[in-house]
Amino acid sequence: MKALHRETIGHGDRHLVLLHGWGLNAGVWHCISDRLSAHFCLHLVDLPGYGRSQGYPAMTLDEMAATVVAQAPEQAIWLGWSLGGLVASQIALDFPQRVSGLISVASSPRFSAEDSWPGIKSETLSAFQQQLSEDFQRTVERFLALQTLGTESARQDARALKSVVFERPMPAVEVLNGGLEILKTADLRQALVGLPLPFLRLYGALDGLVPRKIVPLLDGRWPDSRSHIIARAAHAPFISHPAEFCQQIIDFSDAVWP
């Protein structure tokens, strides 16, 4: 098995694994790693095919979850942002004995919109897949710009995301296409009903990719989970509102590990 790239920051037996979103890499967490490493042993993972975890093909959600968990601490809280939220959720479903708690950030069990379910239009995701083969870099930049729209610090946040993308090796087009396929087709709404683990869901009130309308829908479906909406944040609340974001993580972990 190829080794995934993973940074370990901090010490102790409170392990927190952080999984990034589509097109990005683990460098996206550096803006909050100092705050969190005072409380946790952090594991910042480049997902298979992303950043410095090169040499992997496009994967299904199940394959990605199995690959990541095989190289992770035996027991941890798993935090996943956007696409990473789907991966962390699949790990909680497939390997619950390895998961102390689950945190999803600006993530949805079903990213594609349908009938009464808010999300990203399927044709939008298909268009991104088409555009990847035509103008790889510009397509990634456009997707990053969508993640910060509406926040007071949108331009600054978008520049931060862009710098993270280009400081490490870029994913292959097939890997990015595979990630978009997961976003387009995955549906964990029913699978996560009654998940027997502590589960925190964090959202940005201004998020255009994971609309806040899904929050009450999931509150009803998953009454044992807890949700929190960060006002004036969009799709990357840890960049725009790091203090509030980190406090939510710390409070959740204190409940998991009293």
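Everything in the sequence shown is counted per my numbering, starting at 25 for the first residue and increasing by one. Ideal Cβ positions, reconstructed from N, Cα and C, are used throughout, including at glycine.
- Burial is judged here by how many other beta carbons sit within 10 angstroms of a residue's own beta carbon; His39 has at least 16 and is buried.
- Its Cα nearest to that of Ser77, the residue Arg30 stands out among Gln161, Arg30, Ser57.
- Counting every other CB atom within 10 Å of its CB across the protein chains shown gives Gly75 a total of 16 or more, marking it as buried.
- Straight across, the Cα-Cα distance linking Leu221 with Glu191 is about 35 Å.
- Contact between the region 121-131 and the region 102-109 is established, with three or more Cβ pairs separated by less than 8 Å.
- Fully enclosed alpha helix (DSSP H) runs of no fewer than 4 residues occupy 85-93, 107-118 of the region 71-120, in order along the chain.
- Counting the other CB atoms within 10 Å of its CB gives Trp281 a total below 16, which places it among the exposed residues.
- Counting along the chain, no alpha helix (DSSP H) covers Glu138, and no H or E run does either.
- If you look at Gly203, you'll find it in the alpha helix (DSSP H) that goes 197-209.
- In the DSSP assignment, Glu191 forms no beta bridge with any residue.
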